[in-house]
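Enquirer: Quick one: the structure is below, questions incoming.
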Amino acid sequence: MSETYHYNLPVCLPIFRKYMENEKTAILSFLLPEEKSMKVVPGQYFMLWLPGDDEIPIAVNHYQKKTISFAICGVGPTSNAIIQKEEKCLIGLRGPFGNGFNLDHNKNVVIIAGGIGIAPLRFLVHQLINNSFISRKIILIQGARTKTELLFREEFEKLPISTDFCTEDGSYGFHGLISEKIETTLDNLLDKPLNWEIYTCGPELMLKKILVIAQEHSLERNLQICLADRYIRCGFGICGSCFIDDLGLSICQDGPVFRGDVIARVDDFGKFGRGADGSKYPFANIGK
Amino acid sequence: MSETYHYNLPVCLPIFRKYMENEKTAILSFLLPEEKSMKVVPGQYFMLWLPGDDEIPIAVNHYQKKTISFAICGVGPTSNAIIQKEEKCLIGLRGPFGNGFNLDHNKNVVIIAGGIGIAPLRFLVHQLINNSFISRKIILIQGARTKTELLFREEFEKLPISTDFCTEDGSYGFHGLISEKIETTLDNLLDKPLNWEIYTCGPELMLKKILVIAQEHSLERNLQICLADRYIRCGFGICGSCFIDDLGLSICQDGPVFRGDVIARVDDFGKFGRGADGSKYPFANIGK
Amino acid sequence: MKILKTTIGNVEIRNPLILASGILGSTYSSLKRLFHEGLGAVTTKSIGFKPRKGYPNPSVLYLPEIHSIINAVGLANPGCVKFGKELQKIDSDVKLIVSLYASSPEEFVSVIDCIRRYNKKTELLAFELNLSCPHAKRLGIAVGTDPEIVREIVKKVKRTSRIPIWVKLTPNITDITKIGEAAVSAGANALVAINTVKAMLIDIRTKKPILGNIRGGLSGQAIKPVGLRAIYDLYETLGSKIPLIGLGGISKWEDVVEYILAGACAVEIGSAFTNYSSPNILISKLLKGLESYLIHEEVSLEELRGVAHE
Amino acid sequence: MKILKTTIGNVEIRNPLILASGILGSTYSSLKRLFHEGLGAVTTKSIGFKPRKGYPNPSVLYLPEIHSIINAVGLANPGCVKFGKELQKIDSDVKLIVSLYASSPEEFVSVIDCIRRYNKKTELLAFELNLSCPHAKRLGIAVGTDPEIVREIVKKVKRTSRIPIWVKLTPNITDITKIGEAAVSAGANALVAINTVKAMLIDIRTKKPILGNIRGGLSGQAIKPVGLRAIYDLYETLGSKIPLIGLGGISKWEDVVEYILAGACAVEIGSAFTNYSSPNILISKLLKGLESYLIHEEVSLEELRGVAHE
Ligand SMILES: Cc1cc2nc3c(=O)[nH]c(=O)nc-3n(C[C@H](O)[C@H](O)[C@H](O)COP(=O)(O)OP(=O)(O)OC[C@H]3O[C@@H](n4cnc5c(N)ncnc54)[C@H](O)[C@@H]3O)c2cc1C
Ligand SMILES: Cc1cc2nc3c(=O)[nH]c(=O)nc-3n(C[C@H](O)[C@H](O)[C@H](O)COP(=O)(O)OP(=O)(O)OC[C@H]3O[C@@H](n4cnc5c(N)ncnc54)[C@H](O)[C@@H]3O)c2cc1C
Ligand SMILES: Cc1cc2nc3c(=O)[nH]c(=O)nc-3n(C[C@H](O)[C@H](O)[C@H](O)COP(=O)(O)O)c2cc1C
Ligand SMILES: Cc1cc2nc3c(=O)[nH]c(=O)nc-3n(C[C@H](O)[C@H](O)[C@H](O)COP(=O)(O)O)c2cc1C
Ligand code: FES
Ligand code: FES
Numbered sequence: 178m179s180e181t182y183h184y185n186l187p188v189c190l191p192i193f194r195k196y197m198e199n200e201k202t203a204i205l206s207f208l209l210p211e212e213k214s215m216k217v218v219p220g221q222y223f224m225l226w227l228p229g230d231d232e233i234p235i236a237v238n239h240y241q242k243k244t245i246s247f248a249i250c251g252v253g254p255t256s257n258a259i260i261q262k263e264e265k266c267l268i269g270l271r272g273p274f275g276n277g278f279n280l281d282h283n284k285n286v287v288i289i290a291g292g293i294g295i296a297p298l299r300f301l302v303h304q305l306i307n308n309s310f311i312s313r314k315i316i317l318i319q320g321a322r323t324k325t326e327l328l329f330r331e332e333f334e335k336l337p338i339s340t341d342f343c344t345e346d347g348s349y350g351f352h353g354l355i356s357e358k359i360e361t362t363l364d365n366l367l368d369k370p371l372n373w374e375i376y377t378c379g380p381e382l383m384l385k386k387i388l389v390i391a392q393e394h395s396l397e398r399n400l401q402i403c404l405a406d407r408y409i410r411c412g413f414g415i416c417g418s419c420f421i422d423d424l425g426l427s428i429c430q431d432g433p434v435f436r437g438d439v440i441a442r443v444d445d446f447g448k449f450g451r452g453a454d455g456s457k458y459p460f461a462n463i464g465k
Numbered sequence: 178m179s180e181t182y183h184y185n186l187p188v189c190l191p192i193f194r195k196y197m198e199n200e201k202t203a204i205l206s207f208l209l210p211e212e213k214s215m216k217v218v219p220g221q222y223f224m225l226w227l228p229g230d231d232e233i234p235i236a237v238n239h240y241q242k243k244t245i246s247f248a249i250c251g252v253g254p255t256s257n258a259i260i261q262k263e264e265k266c267l268i269g270l271r272g273p274f275g276n277g278f279n280l281d282h283n284k285n286v287v288i289i290a291g292g293i294g295i296a297p298l299r300f301l302v303h304q305l306i307n308n309s310f311i312s313r314k315i316i317l318i319q320g321a322r323t324k325t326e327l328l329f330r331e332e333f334e335k336l337p338i339s340t341d342f343c344t345e346d347g348s349y350g351f352h353g354l355i356s357e358k359i360e361t362t363l364d365n366l367l368d369k370p371l372n373w374e375i376y377t378c379g380p381e382l383m384l385k386k387i388l389v390i391a392q393e394h395s396l397e398r399n400l401q402i403c404l405a406d407r408y409i410r411c412g413f414g415i416c417g418s419c420f421i422d423d424l425g426l427s428i429c430q431d432g433p434v435f436r437g438d439v440i441a442r443v444d445d446f447g448k449f450g451r452g453a454d455g456s457k458y459p460f461a462n463i464g465k
Numbered sequence: 007m008k009i010l011k012t013t014i015g016n017v018e019i020r021n022p023l024i025l026a027s028g029i030l031g032s033t034y035s036s037l038k039r040l041f042h043e044g045l046g047a048v049t050t051k052s053i054g055f056k057p058r059k060g061y062p063n064p065s066v067l068y069l070p071e072i073h074s075i076i077n078a079v080g081l082a083n084p085g086c087v088k089f090g091k092e093l094q095k096i097d098s099d100v101k102l103i104v105s106l107y108a109s110s111p112e113e114f115v116s117v118i119d120c121i122r123r124y125n126k127k128t129e130l131l132a133f134e135l136n137l138s139c140p141h142a143k144r145l146g147i148a149v150g151t152d153p154e155i156v157r158e159i160v161k162k163v164k165r166t167s168r169i170p171i172w173v174k175l176t177p178n179i180t181d182i183t184k185i186g187e188a189a190v191s192a193g194a195n196a197l198v199a200i201n202t203v204k205a206m207l208i209d210i211r212t213k214k215p216i217l218g219n220i221r222g223g224l225s226g227q228a229i230k231p232v233g234l235r236a237i238y239d240l241y242e243t244l245g246s247k248i249p250l251i252g253l254g255g256i257s258k259w260e261d262v263v264e265y266i267l268a269g270a271c272a273v274e275i276g277s278a279f280t281n282y283s284s285p286n287i288l289i290s291k292l293l294k295g296l297e298s299y300l301i302h303e304e305v306s307l308e309e310l311r312g313v314a315h316e
Numbered sequence: 007m008k009i010l011k012t013t014i015g016n017v018e019i020r021n022p023l024i025l026a027s028g029i030l031g032s033t034y035s036s037l038k039r040l041f042h043e044g045l046g047a048v049t050t051k052s053i054g055f056k057p058r059k060g061y062p063n064p065s066v067l068y069l070p071e072i073h074s075i076i077n078a079v080g081l082a083n084p085g086c087v088k089f090g091k092e093l094q095k096i097d098s099d100v101k102l103i104v105s106l107y108a109s110s111p112e113e114f115v116s117v118i119d120c121i122r123r124y125n126k127k128t129e130l131l132a133f134e135l136n137l138s139c140p141h142a143k144r145l146g147i148a149v150g151t152d153p154e155i156v157r158e159i160v161k162k163v164k165r166t167s168r169i170p171i172w173v174k175l176t177p178n179i180t181d182i183t184k185i186g187e188a189a190v191s192a193g194a195n196a197l198v199a200i201n202t203v204k205a206m207l208i209d210i211r212t213k214k215p216i217l218g219n220i221r222g223g224l225s226g227q228a229i230k231p232v233g234l235r236a237i238y239d240l241y242e243t244l245g246s247k248i249p250l251i252g253l254g255g256i257s258k259w260e261d262v263v264e265y266i267l268a269g270a271c272a273v274e275i276g277s278a279f280t281n282y283s284s285p286n287i288l289i290s291k292l293l294k295g296l297e298s299y300l301i302h303e304e305v306s307l308e309e310l311r312g313v314a315h316e
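Okay, here's the thing in structure tokens:
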């Protein structure tokens with residue numbers, strides 16, 4: 178970690194560009210000042226510090242040359258305070274942290290995003306398109322509550338990928354839950370299932386359903402799940418705040434991306450989170 | 178300093194070989210345990226720690242492959258305690274420290290050693306013989322009180338160099354002080370004086386005389402003087418114990434080797450030393 | 007690796023390496039994992055009477071230049087009721103030390119009672135008292151900086167618990183041996199030193215302290231010479247009768263040896279787990295190095311203890 | 007570099023960087039050189055009443071992993087008579103602080119009187135009182151750890167000397183602000199913090215402590231977060247009226263800024279000179295960095311002071 182170029186302490190940079198994707202989601206971008214460019218893998222995250230307030234984990238949403246972007250959805254005090262900041266405001270960046278997605282294969286790809294779970298997957302989509310020397314199918318299945326929450330939809334529709342949208346209120350695309358959509362899509366698509374790699378991020382209850390579906394298709398080893406509903410403190414695997422039962426793996430360093438076969442052995446997956454005080458709370462009771 | 182391979186803390190090694198060159202001078206050698214070999218320049222020194230006692234600066238007397246040797250003359254409590262140690266005893270080595278001799282030229286060479294001042298010059302002689310791709314004259318003028326103090330004399334007599342010995346009691350070679358010897362030698366030898374590089378180490382009063390002679394021949398810039406009569410504490414230029422007036426240079430890091438033109442500007446040279454308490458004492462009053 | 011067997015008072019563990027409190031050990035799974043990856047014993051995060059969220063983030067930062075960590079976690083913990091229950095899930099072969107904090111003697115007793123009530127299953131090696139909490143009645147002073155309070159805490163706690171009581175000392179004090187003496191005179195079964203060293207960081211762009219709590223504590227390689235000296239001083243004052251557990255900046259097997267030579271029977275490891283993809287890499291490096299040293303020097307751990315004082 | 011001008015109480019120096027006591031400054035030539043290489047002022051090695059050889063070597067060791075030094079020089083110095091004379095050789099343009107140590111208020115007064123008697127020539131910026139010496143009458147306690155003794159020392163010394171009195175504080179204490187308050191209430195003109203942190207090292211082959219004196223003090227990058235916190239705490243307790251001079255581990259211009267934001271008016275630099283072939287390389291890096299920062303942030307040093315408390 179210390180060998181490669183990496184921010185161990187928050188580096189405070191002015192917000193370079195800001196726009197709202199919808200009324201509660203802001204895209205913030207920053208110019209990294211260094212000479213050399215930082216190595217960042219999709220699925221990795223930064224700790225974003227709002228000086229004098231708090232610090233929260235946010236996935237890298239886009240990174241090219243020296244511009245790094247984050248998509249932040251206001252759900253609580255800190256995320257809401259950050260999205261209210263304007264250009265030139267200083268935000269601290271600490272990272273990148275965590276184990277990102279593995280892109281080292283030639284398979285076709287299904288990407289499944291639920292709500293703000295699209296944040297790390299946007300970076301993934303662009304990396305898959307730009308860094309592939311092979312031609313492969315990329316299918317993006319994106320779900321949200323309503324049309325305005327289908328973040329980056331117009332951008333995706335212009336990319337050389339198949340897109341498939343669904344909304345809970347039917348305001349765009351398929352009318353229903355993303356898990357219903359996936360089931361049928363996978364059934365139809367996966368003629369040679371092992372030729373497919375599946376990437377997903379979203380609410381943990383959704384991820385849990387996707388794991389079950391993948392298991393039914395014996396595809397759990399082809400499934401890469403990014404957890405993003407969890408409390409992170411240190412980011413580098415030392416404080417123990419983010420460890421998940423029963424395997425005793427950390428989200429912050431061993432994750433946030435796990436293979437389906439590993440996450441299948443995690444009792445807490447989709448069931449319990451742990452708050453800042455380390456006590457468990459059931460996922461079912463809270464909704465984003 | 179920290180980049181290259183270097184002992185910052187004393188590394189305790191067993192004495193590998195020990196023999197007495199005369200009744201008060203021991204040659205101790207050690208095997209360095211590391212894989213890579215350490216870069217050591219003649220004139221550089223180590224701090225030799227006698228655990229539980231004290232630590233003193235000692236020039237590198239020989240270094241080849243992984244064997245490093247020191248010639249230690251018993252003059253006070255610590256040096257006497259060290260020369261009484263036997264093989265397998267642990268001695269701490271910290272270093273190499275200091276600015277060594279510059280060997281980066283093709284000139285002929287005069288080496289002038291007084292007493293234990295031969296210690297760093299033995300390593301220099303071997304380096305000059307082994308690492309020269311050119312043929313050049315090497316003249317060694319070695320002086321001591323008496324024959325037994327002409328350390329390594331038999332070894333030098335076998336080397337492809339001219340040797341010239343003198344003793345104060347006339348027991349070997351020229352009968353008289355080394356400074357008298359040098360004056361005539363230089364007068365005779367130095368037909369093209371700028372083709373000669375002069376190296377010297379020994380009691381500071383002798384070095385002072387050599388500087389004067391060199392200045393008379395306008396050779397002070399060709400003169401490299403190694404000081405070895407001084408109190409050293411840290412070895413890396415931080416504690417201030419070894420700074421010399423009036424230039425404010427350190428012996429331990431800027432030295433112990435200085436060019437004649439630099440040392441000529443040092444008021445204290447050949448006049449005053451500083452003890453462990455930082456107070457000055459005149460060199461004239463003490464003799465080794 | 008029989009030669010690594012270590013005795014701390016009446017308890018025996020398979021090797022002298024113990025997980026330090028607050029590092030990785032917030033959950034039953036991570037404690038279990040760390041033990042199974044080779045440590046001699048594991049210490050939990052410090053547990054208090056009530057749940058505590060701790061301080062806002064950033065609260066744990068790595069300082070690569072000095073291989074150290076600055077933290078102000080602020081004793082985040084789920085409280086003794088929930089944690090007592092959680093402990094039941096740990097297999098009984100795991101050698102477990104429960105770290106506790108409180109701001110008065112009475113509260114320490116309550117936390118111990120509570121843990122014992124909710125955790126009937128797991129046998130504990132010891133309770134480790136973290137005395138860094140501010141004192142309930144005497145504003146602004148940490149309980150661990152006043153010998154009188156320490157004596158009272160240890161006395162009360164000893165009356166409650168038959169499980170050995172280890173007292174963890176802070177280095178942020180004029181004379182650590184005074185607190186050590188107080189704890190021992192009151193019946194402490196072992197002393198643990200050191201906790202983190204008072205520290206802080208400021209961001210020069212926003213001109214604000216970086217830690218959510220402003221102030222924090224330094225751990226890791228920077229404090230090794232500090233912890234070592236604490237153990238040396240404690241051993242010199244208290245002699246070999248009271249077991250000492252050394253910690254602070256241990257990252258190499260050589261550090262473990264230094265602590266034992268200074269007077270420790272065992273050591274705890276914390277910040278050094280930073281930058282290891284898996285804890286067992288560090289643990290096995292330490293154990294192997296230690297074992298070879300003992301074989302090479304033909305000496306046992308017990309014989310090695312305190313030798314630097316000879 | 008006018009913007010680097012710094013005021014400490016009533017004295018003004020060209021920039022806020024001061025040489026720390028015990029680093030390089032044992033001789034008139036090195037003090038002169040360090041000033042001419044760009045520092046705002048230079049502090050001498052601590053001088054006592056009688057000459058002192060200090061402890062046996064090794065007494066100063068570099069720890070590269072943490073860019074730090076451990077030392078137990080033991081206040082080696084030629085005594086106030088010889089050193090007073092030596093000071094006369096320093097040109098009067100050199101801004102000089104003389105550091106002193108003693109083990110009682112009376113002895114401090116004697117050392118000051120002696121320095122003034124033998125050095126009629128050089129005007130001093132201040133006397134810096136190093137309070138790390140063991141107390142003459144109260145065995146084993148350093149004079150700087152007891153607020154009463156500190157108050158007495160400063161009072162006596164202030165009566166003797168019209169030259170400003172700076173008091174240098176040790177971090178090896180439960181509450182550094184108590185000593186700071188005592189010094190200020192007795193009339194100290196500035197506080198300097200911190201001195202080295204208690205530490206030691208052991209050699210695992212010979213199994214002996216490495217420092218000649220066994221125990222020593224840690225300085226350098228490892229203690230930067232510790233010194234920074236001391237200044238922050240002092241500023242918070244004492245406010246902006248009393249000048250604070252920060253030191254401990256400063257090696258980059260960013261560190262200087264952190265100390266000023268924490269509440270320092272000026273800083274001292276010690277261990278950071280390690281590994282520089284010439285001190286001016288470090289000094290000019292620090293000055294340039296500091297200057298660009300002030301220009302970029304459009305702020306003066308005075309405005310910057312203590313901003314981290316806002
Ligand atoms: C690896 C990773 C990557 C992430 N990437 C992104 C991203 O790219 N974009 C993004 O918008 N978000 C992302 N998140 C989520 C983001 O970090 C959180 O939304 C943020 O921390 C919320 O902080 P807050 O202070 O605003 O709200 P908080 O008050 O901390 O909580 C937000 C929500 O979490 C629930 N919650 C938290 N703790 C508890 C508890 N103890 N009991 C019950 N409910 C609880 C609450 O219901 C609340 O609605 C990511 C998270 C992780 C772990
Ligand atoms: C760079 C360097 C390289 C060296 N290389 C060698 C070497 O290769 N071999 C070798 O034998 N020696 C070498 N020396 C000298 C060696 O370091 C000393 O002889 C040694 O430190 C003496 O230590 P001691 O404890 O034995 O005696 P000490 O008691 O320290 O003193 C030895 C002698 O120095 C004189 N002296 C010291 N301090 C004072 C004082 N304050 N007032 C008056 N007189 C004083 C005394 O007269 C005494 O005879 C070197 C020194 C230096 C600086
Ligand atoms: C993130 C973090 C959290 C800590 N939490 C606790 C704690 O809850 N209780 C405690 O007694 N010590 C705690 N400590 C201190 C450690 O147990 C240990 O005393 C200190 O880190 C020094 O050891 P090290 O240098 O090996 O890390 C914590 C340290 C860190 C870095
Ligand atoms: C070798 C050495 C000698 C020192 N001698 C003294 C001294 O005589 N008087 C004093 O007040 N401080 C002395 N100090 C402490 C420094 O002045 C300073 O407080 C400490 O080193 C922290 O600063 P730094 O981290 O920049 O070195 C000494 C430090 C070192 C490393
Ligand atoms: S957040 Fe600290 S271990 Fe993961
Ligand atoms: S011996 Fe310390 S500066 Fe030279």
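Residue numbers (the numbering used here), protein chains in the order written: chain A, 178 to 465; chain B, 178 to 465; chain C, 7 to 316; chain D, 7 to 316.
Glycine included, C-beta positions come from ideal geometry on N, C-alpha and C.
(1) Evaluate B:R451 with the Cβ neighbour count: other Cβ atoms within 10 Å of its Cβ, from every protein chain shown; 16 or more gives buried, anything less gives exposed.
(2) If we call anything under 8 Å between Cβ atoms a contact, is B:L305 one with B:L328?
(3) What runs of the beta strand (DSSP E), each 3 residues or longer, lie entirely inside the region 29 to 72 of chain C?
(4) Residues of chain C with CB under 9 Å from D:A82, in chain order?
(5) In this structure, does DSSP put B:G417 in helix, strand or coil?
Expert: Let me spell this out:
(1) buried
(2) One thing to note: B:L305 has its Cβ no nearer than 8 Å to the Cβ of B:L328.
(3) 47 to 49, 66 to 69
(4) The premise fails here: D:A82 is roughly 21 Å from chain C at the closest Cβ pair, so nothing lies under 9 Å.
(5) coil
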